[in-house]
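Numbering (this note's numbering), first residue to last: 845 to 1060.
For glycine and all other residues, C-beta sits at the position ideal for the given N, C-alpha and C.
Accompanying notes for the structure given below.
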Amino acid sequence: MNLILLGPPGAGKGTQAERLVEAFGLVQLSTGDMLRAEVKSGSELGQTAQKIMDAGELVPDDLIISMISNQIDQHSDAKGVILDGFPRTTAQAEALDEMLSDKDLTMDFVIQLEVSEDTIVERISGRYSCAKCGAGYHDTFSQPAVEGTCDKCGSTEFSRRSDDNPEAVRSRLGAYRDQTAPILPFYTDKGVLQSVDGMGGMEEVFDQIKEIVAGG
Ligand code: AMP
């Protein structure tokens, strides 16, 4: 089972992908996480990507497309993949289609998480993660059980994304509106797009996603 999670920054794609990994044994392929790993490693790609990401703009399609194609190949034995943060442009959606047919794979579900812009800003401005294992937290909605200690790995170091500041968030929302939202009709025309209300708590949203996946 392969699926795409679509939605603006802060819609909860990463959180829901983590839940889907636990529940269905799928592999999460997040282009944002891959790029952040490249930035951390100081690779050439990371150096190119960092400035673009900090400005809240999109990294060039050709770099992203080859990165995701490699990752899909590396996980060819997996039960399926969740694409999180990809595709983000029409060119990426078309390249993905071609890539899947070349690899004899199908995309079973394209799930759009719908959230208001006010909610996005609220969610993004409070989020942080464990610096060691990447587990996600939020100042208001999801603090660790023991203050200052990661629930999953016990680390006491946390970090915030450098592009989670008001200026970059405005630009990321603009990129979503102008470059990513236009791919929704591409998937509507194929008859695979399903939308869920992403405004509720993470359990409620996950229940809706599970219903779609079970119904397919
Ligand atoms: P994300 O973690 O998905 O919010 O992505 C963080 C940043 O990485 C984005 O604002 C873009 O700069 C870059 N990025 C992630 N995925 C893509 C993609 N599919 N296409 C272009 N840029 C991307």
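8 Å Cβ cutoff met for residue i and residue j
i: Q956; j: S874; result: no
i: S999; j: C977; result: yes
i: A922; j: L889; result: no
i: A1012; j: A899; result: yes
Buried/exposed call for residue i, threshold 16 Cβ in 10 Å
i: N846; result: buried
i: R1014; result: exposed
i: C974; result: buried
i: P1010; result: exposed
i: G1035; result: exposed
i: R1021; result: exposed
i: T950; result: exposed
i: D928; result: buried
i: P931; result: buried
i: Q891; result: exposed
i: F985; result: exposed
According to DSSP, residues forming a beta bridge with residue i
i: V925; result: V871
i: Y972; result: Y981
i: E958; result: D1041
i: I1027; result: According to DSSP, which records beta bridges pairwise, I1027 is partnered with nothing at all.
i: S1003; result: S973
CB-CB length for residue i against residue j, believed under 8 Å
i: Q936; j: D905; result: 6 Å
i: L864; j: K857; result: So it is not a contact: roughly 10 Å between Cβ atoms.
i: I926; j: A861; result: 5 Å
i: G854; j: I968; result: 4 Å
i: Y1031; j: V959; result: That pair is no contact at about 18 Å.
i: L902; j: A893; result: Contact doesn't hold; Cβ gap of about 10 Å is too wide.
8 Å Cβ cutoff, residue i in contact with chain D
i: L849; result: Protein chain content of the structure displayed is limited to a single chain, and chain D is not contained in it.
### Query
Unbroken beta strand (DSSP E) runs of length 3 or more, entirely within the segment 873-914: which are they?
none
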